[in-house]
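Structure first, commentary second.
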Amino acid sequence: MGEIHKPLPVKLFVGVLTSIPDTISPVEERLSELFGPIDVRSELFPFDMTHYYDETMGSPIDRRFISFSNLIEPFVISEIKKATNELESSFASKWRSVQRPVNLDPGYIEQSKIVLASTKNFYHRILVSEGIYAEVTLHFEAGEWRPFPWTFPDFKSSRYHHFFSNLRDSYRTQLSSLGVRIRSR
């Protein structure tokens with residue numbers, strides 16, 4: 023019989039998609055109120071590998087990732103996804119120039135993988151709570167991020183890999199400061 027172990031805490035991040043640059047600062051403020059201080063921000067990346075959201079969000083769309091100082095338990099990602107959905111709705115009522123002014127994609131990073139939360143079921147996603155699914159989007163192997171067949175094109179492209187490698191290093195430093203023994207790269 024396998025022994026049940028308490029999982030290590032993980033590092034929360036949120037991907038922010040928007041075609042309205044003025045929403046980024048207020049979104050970050052609200053996310054910080056919900057999840058604690060922001061410790062890392064990515065550059066703005068063009069979200070240009072699909073036009074899936076253009077009709078509801080406008081274009082051009084940019085993506086920024088932000089992460090938070092506080093580590094979380096992995097199982098709370100479902101509650102975080104519900105909270106980010108509510109936040110999206112509140113921004114839709116304030117910015118009426120487009121149907122969906124922001125799209126918030128919460129996820130977490132651990133030493134070997136990046137997990138994203140979703141409200142959409144598919145063969146590679148696991149139900150983690152009522153109506154919320156999770157998928158492993160990238161895994162870390164042999165010193166680099168590697169995609170799966172289902173990985174979104176922008177994640178697959180490697181444009182975010184440098185950011186996620188730095189975030190992984192930050193996470194590993196946080197774990198080390200908690201006395202967690204860090205696996206070799």
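My numbering applies: residue 23 is where the sequence shown begins, and numbers increase by one.
Positions of the beta carbon are idealized from the N, C-alpha and C atoms, including for glycine.
All of these numbers come straight from a predicted model, not from anything done at the bench.
Report yes if the CB atom of residue i is closer than 7 Å to the CB atom of residue j, and no otherwise.
| i | j | result |
| --- | --- | --- |
| LEU138 | GLU163 | no |
| LEU93 | LYS33 | yes |
| TYR155 | SER140 | yes |
| ILE131 | THR159 | no |
| MET79 | VAL38 | no |
| SER100 | SER151 | yes |
| GLY129 | PHE35 | yes |
| PHE87 | GLY58 | no |
| ALA114 | LEU56 | no |
| MET71 | PRO175 | yes |
| HIS184 | TRP167 | no |
| ILE204 | ARG194 | yes |
Per DSSP, residue i forms a beta bridge with which residues?
| i | result |
| --- | --- |
| PRO128 | VAL36 |
| ALA139 | ALA156 |
| VAL149 | First, the residue type needs correcting, since residue 149 is Leu and not Val in the sequence shown. DSSP, once it has assigned bridges, lists TYR155 as partnering LEU149. |
| ARG168 | HIS161 |
| ILE94 | VAL32 |
| VAL62 | SER89 |
| ASP294 | This structure cannot speak to residue 294, because the chain is shown only from 23 to 207. |
| PHE67 | ARG85 |
To the nearest angstrom, how far is it from the Cα of residue i to the Cα of residue j?
| i | j | result |
| --- | --- | --- |
| TYR74 | LYS28 | 39 Å |
| VAL202 | PHE69 | 36 Å |
| PRO96 | ASN107 | 18 Å |
| LEU200 | SER54 | 22 Å |
| ASN143 | TRP172 | 13 Å |
| ASP44 | GLY24 | 51 Å |
| GLU65 | ILE42 | 16 Å |
| ARG85 | SER112 | 19 Å |
| VAL98 | ARG118 | 31 Å |
| GLY51 | SER187 | Checking the displayed sequence, the identity of residue 51 turns out to be Glu instead of Gly. Going by the C-alpha atoms only, they are around 25 Å apart. |
| ASP76 | LEU149 | 28 Å |
| SER192 | ARG63 | 12 Å |
| ILE60 | GLN196 | 14 Å |
| TYR145 | GLY153 | 15 Å |
| ILE26 | HIS161 | 23 Å |
| ASP127 | GLY165 | 25 Å |
| PRO31 | ILE46 | 27 Å |
| ARG147 | SER180 | 22 Å |
| SER81 | PRO123 | 11 Å |
Using the rule of at least 16 other Cβ atoms within 10 Å of the residue's Cβ for burial, across every protein chain shown, is residue i buried or exposed?
| i | result |
| --- | --- |
| ASN125 | buried |
| ILE83 | buried |
| ILE102 | buried |
| LYS178 | buried |
| THR40 | buried |
| PRO48 | exposed |
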